[in-house]
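Enquirer: One structure coming up, written as structure tokens, with questions to follow.
Numbering (this note's numbering), first residue to last: 15 to 137.
Next comes the structure, spelled out in structure tokens:
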């Protein structure tokens with residue numbers, strides 16, 4: 015069954031990519047606001063996550079993981095749910111921003127930034 019799961023997941027991700035690619039021009043229309051949102055909201059969520067982690071006494075490593083999870087976008091579950099519950103929603107907006115903006119931002123800038131915040135406040 016595990017091999018079947020990977021096959022179904024592959025087809026699902028391929029389908030989501032094709033659907034998003036068909037409507038990618040819509041991303042250009044809302045570009046600046048959407049890209050800003052996809053960068054700023056993860057930072058806000060990470061700060062909230064760090065405040066919660068500090069308040070409940072999490073160690074630094076756990077706090078970093080918690081902040082990264084708080085800052086992350088949903089790459090599989092929410093796109094599927096959005097597609098079923100709000101079919102008129104534009105997948106090129108929510109899939110593209112999650113995969114092309116939020117994910118690389120968190121990897122390149124976010125994780126070091128959250129670690130800096132932890133080192134600053136966990137003394």
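Even glycine gets a Cβ: it sits at the ideal position worked out from N, Cα and C.
#1: What residue ranges within the stretch 53-127 form continuous alpha helix (DSSP H) runs of no fewer than 4 residues, ordered along the chain?
#2: Between the alpha carbons of residue 55 and residue 110, how many angstroms are there, rounded?
#3: Using three-state DSSP, classify residue 36 as helix, strand or coil.
#4: Would a C-beta distance cut-off of 7 Å place residue 85 and residue 59 closer than the cut-off?
#5: Quick one: grab the DSSP three-state call for residue 44.
Expert: In short:
#1: Qualifying alpha helix (DSSP H) stretches, in chain order: 74-85, 91-99, 105-111.
#2: Looking up residue 55 in the chain shown gives position 41. Looking up residue 110 in the chain shown gives position 96. Straight-line spacing of the CA atoms in residue 55 and residue 110 works out to 15 Å.
#3: In the chain shown, residue 36 corresponds to position 22, counting from 1. Looking at residue 36 - three-state DSSP - the assignment turns out to be helix.
#4: In the chain shown, the residue the question calls residue 85 occupies position 71. In the chain shown, the residue the question calls residue 59 occupies position 45. The beta carbons of residue 85 and residue 59 sit closer together than 7 Å.
#5: The residue labelled residue 44 in the question sits at position 30 within the chain shown. Coil.
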